[in-house]
Amino acid sequence: MGGVYSSEKMADVFAYESSELDWCEDNYRYSEHVVEYFNTVSSFFFFIVAPIMLYLLHPYAKERSLAIHMVWIMMIFVGLFSAYFHMTLSFVGQMLDELSILWVLAVGYATWFPRKLFPSFIKDRSTFSRLVLLITVITSVSSFVKPTANAYALNCFGLHLLYTLAVEMRRCTDRKALRLAKLSVALWVLAISCWISDRLCCSFWQRLNFCYLHGIWHILIVMAVAYGSTLIAYLDASNEIPYSLPGLEYWPCDKWAVGFPHIVLSSSPKTQKRC
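Each residue of the sequence shown is one higher than the last, beginning at 25 in our numbering.
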């Protein structure tokens with residue numbers, strides 16, 4: 025009997041609508057197999073942006089550390105698990121969606137957190153990365169017992185990273201970097217506004233027959249990550265590989281008001297020496 029009960033309980037967490045979360049979009053409106061159609065489809069925007077950013081940031085990652093690619097590789101998983109979650113609204117889908125975001129933050133935190141701000145008992149980045157990995161693994165396991173553990177870890181990583189970025193930007197005088205910071209903040213504010221409005225003002229948007237703000241959040245947040253992570257990477261390059269003379273440009277055209285930001289290395293003695 026215990027085995028049957030365990031199997032049923034396991035099946036329940038994979039079941040459609042087993043999550044306590046339900047976004048404003050009407051369920052099963054366009055497909056009987058997809059709970060939230062637009063939220064699911066908009067998650068695939070991650071699959072468009074992530075490969076572009078992997079390609080654009082490769083010269084910087086090659087010079088600095090190929091581990092940096094893990095940020096955008098993990099973002100692909102965020103898109104995959106987000107699509108699965110909104111397609112099913114299952115408890116497992118929710119956990120995978122939230123934990124993938126945690127791992128993106130953890131990878132970025134371990135890779136880009138300034139060495140000069142490491143705790144005194146940590147002497148190198150590998151030790152710092154292992155500590156972050158240990159905390160992330162413990163949080164991930166704990167989340168299946170107490171899901172709120174993930175929320176605490178997300179807030180800790182995210183807020184501390186934002187605070188560190190704000191401190192670093194105070195010393196920045198590069199006009200392109202300052203512009204990128206303003207665009208990043210604007211995208212974050214728009215994205216969070218859509219997320220909050222979808223959660224708190226659902227009845228208002230339902231009256232207007234416009235229940236797609238969470239899907240718009242997906243699009244805005246992946247662009248905000250593209251802008252914000254490139255800004256962090258630029259500051260990191262300026263500190264860690266200053267000999268490469270890092271600069272900022274936008275693809276496909278640097279003169280456009282919007283585009284995909286990336287780092288250009290004007291000089292690379294390290295690479296030249298290897299060749």
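For glycine and all other residues, C-beta sits at the position ideal for the given N, C-alpha and C.
Beta bridge counterpart(s) of P300 as assigned by DSSP: Residue 300 lies beyond the range of the chain shown here (25 to 299); nothing can be said about it.
Min CB distance L207 to chain C below 7 Å: Among the protein chains of the structure shown there is no chain C, as only one such chain exists.
Is the Cβ-Cβ distance between L45 and Q118 less than 7 Å? One-based indexing of the sequence shown puts residue 45 at position 21. One-based indexing of the sequence shown puts residue 118 at position 94. A contact, by the Cβ cut-off of 7 Å.
Suppose you measure from the CA of M99 to the CA of V73; what does that come to, to the nearest Å? Mapped onto the sequence shown, residue 99 falls at position 75. Mapped onto the sequence shown, residue 73 falls at position 49. Those two C-alpha atoms are separated by around 9 Å.
Exposed or buried, Y251, counting other C-beta atoms within 10 Å across all chains shown (16 or more means buried)? Walking along the sequence shown from the start, residue 251 turns up at place 227. Counting C-beta atoms within 10 angstroms of its own C-beta, Y251 has 16 or more neighbours from the protein chains shown and is therefore classed as buried.
Using three-state DSSP, classify W275 as helix, strand or coil. Indexing the sequence shown from 1 puts residue 275 at position 251. Looking at W275 - three-state DSSP - the assignment turns out to be strand.
The stretch 202 to 209 touching the stretch 151 to 162, judged by at least three CB pairs closer than 8 Å: Taking a cut-off of 8 Å on C-beta distances, the stretch 202 to 209 does not touch the stretch 151 to 162, as fewer than three cross pairs fall below it.
Three or more C-beta pairs closer than 8 Å, one from the stretch 46 to 58 and one from the stretch 78 to 89: is that the case here? No, the stretch 46 to 58 does not touch the stretch 78 to 89.
Once you ignore the five residues that flank C226 on each side, which residues in its own chain have a CB closer than 6 Å to its CB? Walking along the sequence shown from the start, residue 226 turns up at place 202. Taken in chain order, the residues that qualify are C48.
What's the call for L244, buried or exposed, on a 16-neighbour Cβ count within 10 Å? For the purposes of this step, residue 244 is taken as the residue at position 220 of the sequence shown. If you draw a 10 Å sphere on the C-beta of L244, you find 16 or more other C-beta atoms in it, and that means buried.
Can you tell which of L104, Y79, V102 has the C-alpha that lies nearest to the C-alpha of I92? Translated into the one-based positions of the sequence shown, residue 92 becomes position 68. The residue with the shortest Cα to Cα distance from I92 is Y79.
Inspect the beta-carbon positions of L186 and P285 and report whether they are closer than 7 Å. What you label residue 186 is simply residue 162 of the sequence shown in a count that begins at 1. What you label residue 285 is simply residue 261 of the sequence shown in a count that begins at 1. Cβ distance not < 7 Å, so L186 and P285 don't count as in contact.
Close-in-space but distant-in-sequence residues of the same chain around V246 (CB under 6 Å, 5 per side omitted): Position 222 of the sequence shown, counted from the start, is the residue given in the question as residue 246. Counting only Cβ-Cβ distances below 6 Å, and skipping sequence neighbours, we find F69, F70, V73.
Sorted by chain position, which residues of the same chain lie with C-beta nearer than 6 Å to F115's C-beta, five sequence neighbours on each side aside? The count along the sequence shown starts at 1 and reaches residue 115 at position 91. Cβ neighbours of F115 beyond the five flanking positions: V37, S42, S43.
Under the criterion of a Cβ to heavy atom distance below 6 Å, does L80 qualify as lining the ligand ADP? Although the ligand ADP was asked about, the structure shown includes no ligands whatsoever.
According to the neighbour-count rule (16 or more other Cβ atoms, all chains shown, within 10 Å of its Cβ), is V95 buried or exposed? Position 71 of the sequence shown holds residue 95. It is buried - the Cβ of V95 has at least 16 other Cβ atoms within 10 Å.
Measure the Cβ-Cβ separation of A107 and T163 and say whether it is below 7 Å. As a working note, residue 107 is residue 83 in the sequence shown. As a working note, residue 163 is residue 139 in the sequence shown. Contact flag unset, no.
For P276 and G283, what's the separation of their Cα atoms in angstroms? Here residue 276 refers to the residue found at position 252 of the sequence shown. Here residue 283 refers to the residue found at position 259 of the sequence shown. Distance from the CA of P276 to the CA of G283, rounded to the nearest whole angstrom, comes to 6 Å.
By Cβ distance, which residues of its chain are closer than 7 Å to S253, with the 5 residues on each side in sequence left out? Residue 253 sits at position 229 when you count from the first residue of the sequence shown. So the list reads V95, G132, once near-sequence residues are dropped.
Mapping the DSSP letters down to three states, classify F284 as helix, strand or coil. Your numbering for residue 284 matches position 260 in the sequence shown. Here F284 sits in strand by DSSP.
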